[in-house]
Amino acid sequence: MPEKTYDFKAVELKWAAEWADGSLYRTEDNSAKPKYYVLEMLPYPSGALHIGHIRNYAIGDALARHQWMRGFNVLHPMGWDAFGLPAENAAIANKTPPAEWTRMNIARMKKTHSRFAFSYDWEREVTTCDPEYYRWNQWFFLKMLERGLAYRKKALVNWCNLCATVLANEQVVDGCCWRHETNPVEQRELAQWFLKITNYADQLLDDMKLLEGGWPDRVLAMQRNWIGRSEGTEVDFQVSDADLPPVRIFTTRIDTIYGATCLIVAPEHLLAGGIADERAKAMIDARAAQGMGEVEKEGYFTGHYAINPFSKERIPVWTGNFVLMGYGTGAIMAVPGHDERDFEFCVKYELPIRPVVRPVDGGLASPVGMTQAFCEYGIVENSGKWSGETSAEARRQMTRFAEEHGCGKGAITFRLKDWGISRQRYWGTPIPVIHCPLDGAVPVPEADLPVRLPDKIQITGQGQSPLENVPEFVNVVCPKCGGAARRETDTMDTFVDSSWYFYRYCDAKNSSAPFDSAKIAHWFPIDQYIGGVEHAILHLIYSRFWTKVMRDIGIIANDEPVRKLFTQGMVIRNGEKMSKSRGNVVPADDVAEQHGADTARLFALFAAPPEKDVDWRDSGIEGIARFLSRVYRFATRNLPMATPGDGSADAAILRKLHQTLRKITEDFDSRWHFNTSIAALMELLNDLHTHEANLSAEAMSRTIEIMTLVLAPFAPYLAQELWVEQGHTGPVFKEPWPMYDEDLARDHVSEVVIQVNGKNRSKLNVKPGTERSELEQLALKDQRIIGLMEGKTPVRVVVVPDKLVNIVVR
RNA sequence: GCGGAUGUGGUGAAAUUGGUAGACACAGCAGACUUAAAAUCUGCUGGCUCGCAAGGGCCGUGCCGGUUCGAUUCCGGCCUUCCGCACCA
-11 MPEKTYDFKA VELKWAAEWA DGSLYRTEDN SAKPKYYVLE MLPYPSGALH IGHIRNYAIG
49 DALARHQWMR GFNVLHPMGW DAFGLPAENA AIANKTPPAE WTRMNIARMK KTHSRFAFSY
109 DWEREVTTCD PEYYRWNQWF FLKMLERGLA YRKKALVNWC NLCATVLANE QVVDGCCWRH
169 ETNPVEQREL AQWFLKITNY ADQLLDDMKL LEGGWPDRVL AMQRNWIGRS EGTEVDFQVS
229 DADLPPVRIF TTRIDTIYGA TCLIVAPEHL LAGGIADERA KAMIDARAAQ GMGEVEKEGY
289 FTGHYAINPF SKERIPVWTG NFVLMGYGTG AIMAVPGHDE RDFEFCVKYE LPIRPVVRPV
349 DGGLASPVGM TQAFCEYGIV ENSGKWSGET SAEARRQMTR FAEEHGCGKG AITFRLKDWG
409 ISRQRYWGTP IPVIHCPLDG AVPVPEADLP VRLPDKIQIT GQGQSPLENV PEFVNVVCPK
469 CGGAARRETD TMDTFVDSSW YFYRYCDAKN SSAPFDSAKI AHWFPIDQYI GGVEHAILHL
529 IYSRFWTKVM RDIGIIANDE PVRKLFTQGM VIRNGEKMSK SRGNVVPADD VAEQHGADTA
589 RLFALFAAPP EKDVDWRDSG IEGIARFLSR VYRFATRNLP MATPGDGSAD AAILRKLHQT
649 LRKITEDFDS RWHFNTSIAA LMELLNDLHT HEANLSAEAM SRTIEIMTLV LAPFAPYLAQ
709 ELWVEQGHTG PVFKEPWPMY DEDLARDHVS EVVIQVNGKN RSKLNVKPGT ERSELEQLAL
769 KDQRIIGLME GKTPVRVVVV PDKLVNIVVR
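In our numbering, the protein residues as written are -11 to 798.
Here is the structure:
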């Protein structure tokens, strides 16, 4: 009987058709089984899935299938992050409306999804451009408005002229637009809607302790960095020469305040004259033009003087281009002796430098003619009654002094700023507000939601929102006074959409609420979230914020959305991240067409451990295709005649089988190093080949059956085909996961290395568990060892049972 | 500058309580089968070196040092590449 060759195309087509109705992966909300919510980040429907997506989904799918087999009720949904700029750009380029372009892309990508047989419950699909979804964005916005968490203000905002829209701080990378990496953002003053994420800065930071262990340290570090909490003191300096309010500065080093030789305010600051002042304006413009990076320090004397409330010293007020209005109070005290930037500034402008802290151990008196700033903590000196205190103690006492004397207070400053969500674009959630000349910004009544995007629009990609040109959208009556009013034409940042989408999966068709709270209580938090690290500070901070807001509104109970986060590595192509705009994508359909869907996903898992970046190269994928077809051929050929051997082959294969089972089970339970799981399966197959002729029919079929089950999370098509070939029915991934037997997995021989002075010299084969003393005796009697020792007596013999014997001689 | 990673054969990688470095693959070489090729199967494959051979020796996990009988693994100090933040007061 000739071997069957594996026709992956026929097999994959057959099962894809069988599974097309999706009923296989439907998840019940009520189940006696324990719940497990596993989720991969939803994609933007850009046109086609590429191999980077496949890697992401292959990890989640292996886990989902494994958890089914482990007896969990698994929730594994998928959706579309469907609003966004590319749809508008495509509309301009192809004259296709964004809605249609998006719909087409979703249809196409969904086809690829089903080709790969990822185990999603499509009944719960969420598409963020669906009015039934975005109406709840609007609803949440109104709730935030009620609570003062959404507000509108004129502000300097980041503007990308290519996107023709405002960007959030999180979307500015190295001073350039995140979508146009060489295009510097401009600063523009516009009236914008903001969400008060800063209200939650402390909670976002504190609750990270709930995430430790479940989230990668790297992501937590990035978030901590981004939130940028810094503890210090605000101090008021009275202006001595004019009737002006005091200058409030923020410092983390109040212990150095006696060393302040001037104040420096941002050019936007009142004392610098603000935007009205020509010199200040020039400085602001120059900085905007230069971008964010480090620039030559510039400044000038404002003509004002201020009084140091501690030393009563009168010091000049300067303005400086390196002082940022947006951080702290927009004003600093310059302590050139103990701060590098202040040092540089004061040297340049020949301002005095005065040391007021000396090193704890250095024992140096005040260094005269300092050549650099001493920025560490130390012992305070030349500082009135605080001289002699440590920096830490001085900070405490001086802050208390400021509070008692009404000239300052302890303060905490965050780098995090409020989240600007207004976008002057069409393809996003309309902000549900109406501007009335009498009543101001009036919220759209809840009953009128959703505020739908009009579909007949002209997209130009220039300047203001295209919605401005749709009179039937813009011209409305004020809900309060009934007078003529204008609808807000900005739309929401798309990161709003992805801030809560994973809640919607729990109740995707609810038309009277964003979701049923009871369902959230059942499914949340997400047990395992999987996605790219590039979202560490955008999506993953916003969605934590959103969760806390929803909790405070009272519709959910969990503090955090995600218990465990896994950040898989990127798929790189020619040294660059794979993306449509770089033109280096490897389309998933091409790989599936050429090698098969199972092969594509198995290779994505085999190429490297999942957290590592991989540079995609086709070399190697043949090996995986070869492996799968070897499995198929071996498993489907006629079973051997029951040749009653001595049973040693049976024992060997059974041992290997349970070792493989143990290895793969442990990989799922720990680091998900599926590359080694797959390697273990390859070894098992190699052993099957080796022992083939001497195996009993029973050992053979048992091994093949279990191998099929274990293959199911990684290569569902092949596993299902083999499962049926073996005479079973039903979906293989709903079978229980086979448990390994520690006794059967135990080796029957231990290879023990004999070392002399730590170098391998010989080997012993012994029974596992052989006593130390016996191993020592055997090693010392070894012919090679006796030859090497030349009659010397060992100084010491180290024995590690089942591993090695190290003989130490001098 | 601060924070986080990273470094092992020609290549992807493995080795998790310190105990045989390079599992499993890719590529390469040799052989079997074939009229031939593909496919498939078998063997070899870190470097240097000794030997006709069987079989040895030395070196080797970014660099330098330390701890240890023994270090890819632990400690100290450097270096590389990558990522995040950054005149943040």
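Note that the Cβ used here is the ideal one computed from N, Cα and C, for glycine as well.
Inter-residue Cα distance where the pair is residue i and residue j
i, j, result
"residue 119", "residue 413", "17 Å"
"residue 354", "residue 330", "Only weak support exists for where residue 354 lies, its pLDDT of 47 falling under 50; the coordinates are left without a value."
"residue 513", "residue 111", "21 Å"
"residue 97", "residue 455", "29 Å"
"residue 792", "residue 738", "10 Å"
"residue 51", "residue 588", "17 Å"
"residue 489", "residue 677", "49 Å"
"residue 754", "residue 767", "11 Å"
"residue 319", "residue 308", "9 Å"
"residue 742", "residue 636", "27 Å"
"residue 576", "residue 586", "12 Å"
"residue 38", "residue 265", "53 Å"
"residue 709", "residue 460", "57 Å"
"residue 781", "residue 797", "7 Å"
"residue 82", "residue 161", "29 Å"
"residue 306", "residue 153", "35 Å"
"residue 254", "residue 595", "52 Å"
Residue i in three-state terms, based on DSSP
i, result
"residue 779", "coil"
"residue 743", "strand"
"residue -7", "coil"
"residue 11", "helix"
"residue 458", "coil"
"residue 567", "coil"
"residue 129", "helix"
"residue 354", "In this predicted model, residue 354 has a pLDDT of only 47, less than 50, meaning its place in the structure is not dependable; the value taken from the coordinates is given anyway. Residue state, collapsed to three classes: coil."
"residue 105", "coil"
"residue 666", "helix"
"residue 201", "coil"
"residue 703", "coil"
"residue 548", "coil"
"residue 810", "The chain is shown only over -11 to 798; residue 810 falls outside these bounds and no answer can be derived."
"residue 561", "strand"
"residue 23", "strand"
"residue 518", "strand"
Residue of the options minimising C-alpha distance to residue i
i, options, result
"residue 500", "127, 687, 682 and 37", "127"
"residue 432", "668, 534 and 123", "123"
"residue 138", "410, 615 and 154", "410"
"residue 225", "297, 733 and 231", "297"
"residue 481", "106, 135 and 417", "417"
"residue 214", "235, 192, 198 and 370", "192"
"residue 561", "572, 555 and 554", "572"
"residue 786", "760, 285 and 114", "760"
Bounding residues of the beta strand (DSSP E) (the contiguous stretch that carries residue i)
i, result
"residue 63", "61 to 63"
"residue 292", "287 to 295"
"residue 220", "218 to 227"
"residue 428", "428 to 431"
"residue 304", "302 to 308"
"residue 503", "Residue 503 -> no beta strand (DSSP E), and no H or E assigned at all."
Endpoints, the alpha helix (DSSP H) within which residue i is located
i, result
"residue 625", "Looking at the DSSP string, residue 625 is not in any alpha helix (DSSP H), and its letter there is neither H nor E."
"residue 40", "39 to 57"
May I ask you to verify whether the segment 376 to 387 touches the segment 246 to 266, counting CB pairs closer than 8 Å and requiring at least 3? Result no; under three Cβ-Cβ pairs closer than 8 Å.
Is the number of C-beta pairs between the segment 38 to 49 and the segment 80 to 96 that are closer than 8 Å three or more? Touching, no, given that fewer than three Cβ pairs across the two stretches are closer than 8 Å.
Contact the segment 421 to 432 vs the segment 469 to 483: 3+ CB pairs below 8 Å: Judged by Cβ distances under 8 Å, the segment 421 to 432 makes contact with the segment 469 to 483, as three or more pairs qualify.
Say whether the segment 163 to 183 touches the segment 390 to 397, bearing in mind that this needs 3 or more beta-carbon pairs closer than 8 Å, one atom from each stretch. Flag = no, the segment 163 to 183 and the segment 390 to 397 do not touch.
Flag this pair as touching only if the segment 6 to 21 and the segment 97 to 115 have three or more C-beta atom pairs under 8 Å; answer yes or no. By the C-beta criterion, the segment 6 to 21 is judged to be in contact with the segment 97 to 115, since at least 3 inter-stretch pairs fall below 8 Å.
On the three-pair Cβ rule with 8 Å, is the segment 692 to 711 touching the segment 72 to 81? Counting C-beta pairs closer than 8 Å gives fewer than three between the segment 692 to 711 and the segment 72 to 81, which falls short of the contact rule.
Could you check whether the segment 13 to 24 touches the segment 48 to 61, counting it as contact only if at least three pairs of C-beta atoms, one from each stretch, sit closer than 8 Å? Yes: the two stretches touch, three or more of their Cβ pairs being nearer than 8 Å.
Taking contact to mean 3 or more Cβ pairs, one atom from each stretch, closer than 8 Å, check whether the segment 696 to 711 and the segment 721 to 728 are in contact. Counting Cβ pairs under 8 Å, three or more are found: they touch.
At a cut of 8 Å, does the segment 190 to 210 reach the segment 549 to 559 through at least three beta carbon pairs? By the Cβ rule, the segment 190 to 210 counts as touching the segment 549 to 559, because three or more pairs are nearer than 8 Å.
Counting Cβ pairs closer than 8 Å, one from the segment 258 to 273 and one from the segment 330 to 346, do we hit at least three? The answer is no - the segment 330 to 346 does not touch the segment 258 to 273, with fewer than three Cβ pairs under 8 Å.
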